[in-house]
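Chains A and B, in that order, are what the protein sequence lines are.
Per my numbering, residue 3 is the first one in the first sequence, and the count goes up by one each step.
Per my numbering, residue 1380 is the first one in the second sequence, and the count goes up by one each step.
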Amino acid sequence: QQPVQSPQAVILREGEDAVINCSSSKALYSVHWYRQKHGEAPVFLMILLKGGEQKGHEKISASFNEKKQQSSLYLTASQLSYSGTYFCGTEGQAGTALIFGKGTTLSVSS
Amino acid sequence: NAGVTQTPKFQVLKTGQSMTLQCAQDMNHNSMYWYRQDPGMGLRLIYYSASEGTTDKGEVPNGYNVSRLNKREFSLRLESAAPSQTSVYFCASRMGGSGANVLTFGAGSRLTVL
């Protein structure tokens, strides 16, 4: 079942902050975050595992609430390059496939 | 390293025609995936292969077949294309199993069915 992302769209000025949320109705092993620019493939941002392990880019922060099956991606001091569509992908059990949400479109202007 | 390579990048088909999308990875990954992307729908899983020799249906498998030819290659076949299969198709791969395994995507294949 697809995870639910919110909000669907965010409009920011450079330097502003944003939070993107991802929620699942099922117990999760991991949550993944990807960003996609128009016409390009999704690019990895962050993985959060059950138990607390995280792996990702230094400038990206995220949280994973295992009990609530929710994750949030925190984008601080946004830059023009942050614009794109952000997808969360959830994995119910280790080694199964990632199921992605419908995405959150972020637009950053100067 | 090339990563994940998909061919073709663009294809136009007529309704009822068949075609195969090819995907190959050179990262020694065990797991491979096919997703389709439509406006407003996100990335939807068509089929995946957790390891060589296994394949499983995803969220939207109807109208598609897959073959895990070997560890490197995972193809997606449309036997009788329909306009509803007009989409951008992404192949992806990762190591698989437990742990923080990053999913690497190919550049995508844009398919139009007339």
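From the three backbone atoms N, C-alpha and C, an ideal C-beta is built for every residue, glycine too.
Within this structure, are the beta carbons of residue i and residue j separated by less than 8 Å?
i	j	result
Glu-43(A)	Phe-1469(B)	Note that residue 43(A) corresponds to Ala in the displayed sequence, not to Glu. Taking 8 Å as the Cβ cut-off, Ala-43(A) and Phe-1469(B) qualify as a contacting pair.
Gly-94(A)	Lys-28(A)	yes
Ser-73(A)	Leu-50(A)	yes
Lys-57(A)	Ala-1471(B)	no
Leu-47(A)	Ile-62(A)	yes
Cys-1402(B)	Ser-1454(B)	yes
Lys-1405(B)	Ala-1429(B)	Contrary to the premise, residue 1405(B) reads as Asp rather than Lys in this sequence. Going by C-beta atoms, Asp-1405(B) is not nearer than 8 Å to Ala-1429(B).
Gly-1475(B)	Asn-1409(B)	yes
Taking residue i as the query, report the chain A residues whose CB atoms sit under 9 Å from its CB, ordered along the chain.
i	result
Gly-1476(B)	Ala-96, Gly-97
Ala-1429(B)	Gly-97, Thr-98, Ala-99
At 7 Å on the CB atoms, spell out the chain B contacts of residue i, in chain order.
i	result
Lys-57(A)	Ala-1479
Leu-51(A)	Ala-1479
Phe-102(A)	Gly-1421, Leu-1422
Gly-105(A)	Gly-1421
Take the Cβ of residue i as the centre, count every other Cβ of all protein chains shown within 10 Å, and call the residue buried at 16 or more, exposed below.
i	result
Glu-1458(B)	exposed
Val-1391(B)	exposed
Arg-1447(B)	buried
Arg-1473(B)	buried
Arg-15(A)	exposed
Thr-78(A)	exposed
His-40(A)	exposed
Ile-101(A)	buried
Thr-1394(B)	exposed
Gly-91(A)	buried
When you measure from the CB of residue i to every non-hydrogen atom of the ligand SAM, does any distance come out below 7 Å?
i	result
Ser-112(A)	This structure simply doesn't include the ligand SAM, nor any ligand for that matter.
Can you give the beta carbon distance from residue i to residue j, rounded, assuming they're within the 8 Å contact cut?
i	j	result
Ile-22(A)	Gln-38(A)	At roughly 13 Å, the Cβ-Cβ gap does not stay under 8 Å, so Ile-22(A) and Gln-38(A) are not in contact.
Leu-1422(B)	Phe-89(A)	6 Å
Thr-1399(B)	Arg-1456(B)	5 Å
Lys-104(A)	Met-1411(B)	Actually they do not touch by this definition, with Cβ atoms about 23 Å apart.
Leu-30(A)	Gln-71(A)	5 Å
Arg-1415(B)	Val-1445(B)	The Cβ separation is near 13 Å, so there is no contact.
At 7 Å on the CB atoms, spell out the chain A contacts of residue i, in chain order.
i	result
Phe-1484(B)	Ala-43, Pro-44
Tyr-1412(B)	Ala-99
Using the beta-carbon of each residue, which ones in chain B are nearer than 9 Å to residue i?
i	result
Leu-75(A)	Those within 9 Å of Leu-75(A) in chain B number zero; the least Cβ separation is about 15 Å.
Note down, in chain order, every chain A residue with its Cβ under 8 Å from the Cβ of residue i.
i	result
Phe-1469(B)	Ala-43, Pro-44
Ala-1460(B)	Within chain A, no residue comes near Ala-1460(B); the closest Cβ sits about 23 Å away, beyond 8 Å.
What residues of chain B sit near residue i, judged by a beta carbon separation below 8 Å?
i	result
His-40(A)	Those do not exist, as His-40(A) stays about 11 Å from chain B at its closest Cβ, beyond 8 Å.
inquiry  = Restricting to runs no shorter than 4 residues, where is the alpha helix (DSSP H) found entirely within the segment 9-83 of chain A?
reply    = Within the segment 9-83 of chain A, no complete alpha helix (DSSP H) segment of 4 residues or longer occurs.
Inset, instruction - Would you list, in sequence order, the uninterrupted alpha helix (DSSP H) runs of no fewer than 4 residues that lie entirely inside the segment 1393-1455 of chain B? - result: If only uninterrupted alpha helix (DSSP H) runs of at least 4 residues are considered, none is enclosed by the segment 1393-1455 of chain B.
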